[in-house]
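All residue numbers for the sequence shown refer to our numbering, where the first residue is 128 and numbers rise by one. For glycine and all other residues, C-beta sits at the position ideal for the given N, C-alpha and C.
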Amino acid sequence: ELGHETNRHQPVLSTMSQQTATQAPAPTLAELVEHLMAFDGPPEQFLLHLLAVQCQVGHATSGAVLRLNANGEPEVLAVYPPLEASQTAPVWLAQTVEILPGIVDAGQIVVRPVQSTEDLYEEQPRSQLILMPIRGGGGVRGSAAFLIHAQSQAQLRQCRERLELTISLLSL
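This is the structure:
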């Protein structure tokens with residue numbers, strides 16, 4: 128068991144950080160998936176745990192799960208790491224909300240640069256946003272978005288491939 132029995136709803140990466148502090152080996156992907164499959168908390172907590180695992184596996188600094196509500200408006204279901212109630216949405220999340228309808232319509236993975244306030248004018252953005260449609264029930268139901276700080280195209284491609292594998296977990 129990855130978590131402590133007294134706090135089964137603690138995000139997986141927090142548990143992993145505790146393990147790292149005590150020099151225990153990092154959990155394997157199989158252990159992380161097993162932990163997710165055994166999770167018995169509320170759905171929004173499951174999504175938080177899933178995002179934590181996806182961020183670790185895909186080397187993403189942040190992630191979110193979004194969908195379009197019945198009115199076709201973007202709705203954020205979960206963000207990792209969680210935002211404080213008074214915290215303004217980060218640039219990458221605001222950009223994701225803005226382009227979500229197009230991602231759902233296209234039904235394809237999209238990689239976009241994220242121009243942050245720290246990037247200099249005309250400088251290549253240091254961050255990339257990987258947006259992956261989530262399929263189910265006869266179509267695209269939403270999107271997972273991940274913020275990546277890749278140093279090269281090869282590293283970005285590797286992160287994307289790893290995240291694609293984790294998205295497939297949602298259809299199992």
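C-beta atoms of residue i and residue j nearer than 8 Å
i: A216; j: I275; result: no
i: Q222; j: L256; result: yes
i: V180; j: T293; result: yes
i: A271; j: I261; result: yes
i: L220; j: M259; result: no
i: G199; j: P228; result: yes
Helix, strand or coil at residue i according to DSSP, with G and I counted as helix
i: G263; result: strand
i: G185; result: helix
i: E200; result: coil
i: F166; result: coil
i: A221; result: helix
i: Q214; result: coil
i: Q255; result: strand
i: G234; result: coil
i: A277; result: coil
i: S153; result: This sequence places Ala at residue 153; Ser is not what is there. Residue state, collapsed to three classes: coil.
Burial state of residue i (16 or more Cβ within 10 Å)
i: M164; result: exposed
i: G265; result: exposed
i: A157; result: exposed
i: A185; result: Note that residue 185 corresponds to Gly in the displayed sequence, not to Ala. Buried.
i: Q183; result: buried
i: A233; result: exposed
i: S295; result: exposed
i: A205; result: buried
i: G168; result: exposed
Same chain only: Cβ atoms within 8 Å of residue i, ignoring 5 sequence neighbours per side
i: F107; result: What is shown of the chain runs 128 to 299, which leaves residue 107 out entirely.
i: I236; result: I257, L258, M259, P260, R287, E291
Limits of the unbroken beta strand (DSSP E) element including residue i
i: P240; result: 237-241
Limits of the unbroken alpha helix (DSSP H) element including residue i
i: G293; result: One detail in the question is off: residue 293 reads as Thr in this sequence, not Gly. Here the alpha helix (DSSP H) through T293 covers 280-295.
Contacting residues, own chain, Cβ-Cβ under 6 Å from residue i (five flanking each side not counted)
i: A281; result: none
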